[in-house]
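Numbering (my numbering), first residue to last: 4 to 139.
Positions of the beta carbon are idealized from the N, C-alpha and C atoms, including for glycine.
Report on the structure given below.
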Ligand SMILES: [Zn+2]
């Protein structure tokens, strides 16, 4: 049993000053953090879609995309100095910021129902919660 634990710890987990086969540094942590943030957006989108039972892209998806891609851009620029990684993340912030702006505009244009106080999409004529006519 001790030899199995020794094998797992010393040969698989921590081997030749590498943790899980990776030589860690501050920039490696930044890179993996960027990866984790960027990848987590898929779970956020999936969860929102399952919850509404229709395909939706929540605002958090765009924030995670923006923060993750900027983190990975910094990793590419300041650590890797790799043109492929730099180019992959150099311009992705543009649609992310534009999507966040559209989310914000859409949220600001919602119509509050005078009858029940529910906020409704800008194109709504009637409140789906109480059936009252919405004033534009
Ligand atoms: Zn209402």
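Exercise. How many Å lie between residue 93 and residue 105 at the Cα?
Worked result: Along the chain shown, read from residue 1 onward, the residue named residue 93 stands at position 90. Along the chain shown, read from residue 1 onward, the residue named residue 105 stands at position 102. Roughly 21 Å between the two C-alpha positions.
For this session: Provide the residue span of the alpha helix (DSSP H) that contains residue 77, from first to last.
Result: For the purposes of this step, residue 77 is taken as residue 74 along the chain shown, with counting starting at 1. Unbroken alpha helix (DSSP H) run through residue 77: 62–78.
For this session: Reducing DSSP to helix, strand and coil, say where residue 95 ends up.
Result: Position 92 of the chain shown holds residue 95. It is coil, neither helix nor strand.
Exercise. From residue 51 to residue 12, what distance separates their C-alpha atoms?
Worked result: Here the question's residue 51 lines up with position 48 in the chain shown. Here the question's residue 12 lines up with position 9 in the chain shown. If you take the alpha carbons of residue 51 and residue 12, they lie about 38 Å apart.
Exercise. Per DSSP, residue 145 forms a beta bridge with which residues?
Worked result: Nothing can be reported for residue 145: it is not among the residues displayed for the chain, which extend from 4 to 139.
For this session: Just tell me which of 34, 67, 124, 53 has its CA closest to the CA of residue 80.
Result: In the chain shown, residue 80 corresponds to position 77, counting from 1. Nearest C-alpha to residue 80: 34.
Problem set entry | Burial state of residue 24, where buried means 16 or more other Cβ atoms lie within 10 Å | Here the question's residue 24 lines up with position 21 in the chain shown. Result: exposed.
For this session: Using alpha carbons as the reference points, say which of 14, 18, 21, 124 lies closest to residue 113.
Result: As a position in the chain shown, residue 113 is number 110, starting the count at 1. It is 124 whose Cα lies nearest to the Cα of residue 113.
Exercise. Out of 139, 97, 82, 111, which has the shortest C-alpha to C-alpha gap to residue 27?
Worked result: Against the chain shown, residue 27 aligns to sequence position 24. Measuring from the Cα of residue 27, the nearest candidate turns out to be 82.
Exercise. What residues in its chain sit with their C-beta under 6 Å from that of residue 99, if we drop five residues either side in the sequence?
Worked result: Translated into positions along the chain shown, residue 99 becomes position 96. The residues are 65, 68, 69.
Exercise. Is the beta carbon of residue 132 within less than 7 Å of some heavy atom of ligand 1?
Worked result: As a first step, residue 132 is located in the chain shown; it is residue number 129 there, counting from the start. Correct: residue 132 has its Cβ closer than 7 Å to ligand 1.
Exercise. What did DSSP end up calling residue 110 once you bin it into helix, strand or coil?
Worked result: Here residue 110 refers to the residue found at position 107 of the chain shown. In the structure shown, residue 110 sits in a helix (DSSP, three-state: H, G or I).
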